[in-house]
Amino acid sequence: MATFTVSAESTTYYAEGNIIYSNDKKKLVCTAPALKRVHNILASVTEIEKGAFHTCSSLEALELPPDLETIGEDAFLSCTSSVITIVGNKLTTIKMGAFGYNEYNWCQKVRIPKGAEFNDIVTKVKAVNYPEGRIERY
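Once you know that position 113 of the sequence shown is 113 in our numbering, the rest is easy, because the numbers rise by one and skip nothing.
#1: Based on DSSP bridge pairs, tell me the residues matched to R137.
#2: Quick one: grab the DSSP three-state call for I94.
#3: Tell me the rounded alpha-carbon separation between T46 and D67.
#4: Under 8 Å Cβ to Cβ from N23, same chain only, skipping five residues before and after it: list those, please.
#5: What's the C-alpha gap between T123 and R134?
#6: Which runs of the beta strand (DSSP E) spanning at least 3 residues fall entirely within the region 19-89, listed in chain order?
#7: Please report the residue range of the beta strand (DSSP E) in which A8 lies.
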């Protein structure tokens with residue numbers, strides 16, 4: 001499936017740019033598996049749910065919204081071509097496997113800003129078994 005849509009009458013979900021969000025636009029629920037580019041995730045998103053980008057192996061790059069607080073389990077599992085950029089420092093929860101479990105399904109790279117206020121995020125990314133050698137500070 002390359003395209004996602006949601007009925008305009010839905011009171012549970014909202015869709016934009018082949019991404020499905022909760023109706024309040026705070027949770028990113030899932031994406032179309034063939035997604036290659038995300039022009040932007042809604043700034044209102046505070047949580048990326050479990051498996052939201054799972055199997056988006058062609059996804060090249062993604063900048064996470066600044067107010068993001070939670071990345072769910074397996075959120076980016078098998079996004080092997082992806083460079084994920086964290087821009088905000090509100091990220092409090094990163095679940096196991098958020099960026100993959102091993103060299104066969106890890107994201108290509110996770111980018112985290114330089115600065116002491118982001119050191120906690122680096123620790124959280126490493127705590128879910130993402131390799132330090134794939135973390136880039138910018």
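Glycine residues also receive a C-beta, built at the ideal position from the N, C-alpha and C atoms. This structure is a prediction, so every number in the text was calculated from the model and none was measured.
Let me lay it out:
#1: I112
#2: strand
#3: 6 Å
#4: S10, T11, T12, Y13, Y14
#5: 13 Å
#6: 19-22, 27-31, 61-63, 83-85
#7: From DSSP, A8 is part of no beta strand (DSSP E); its letter is neither H nor E.
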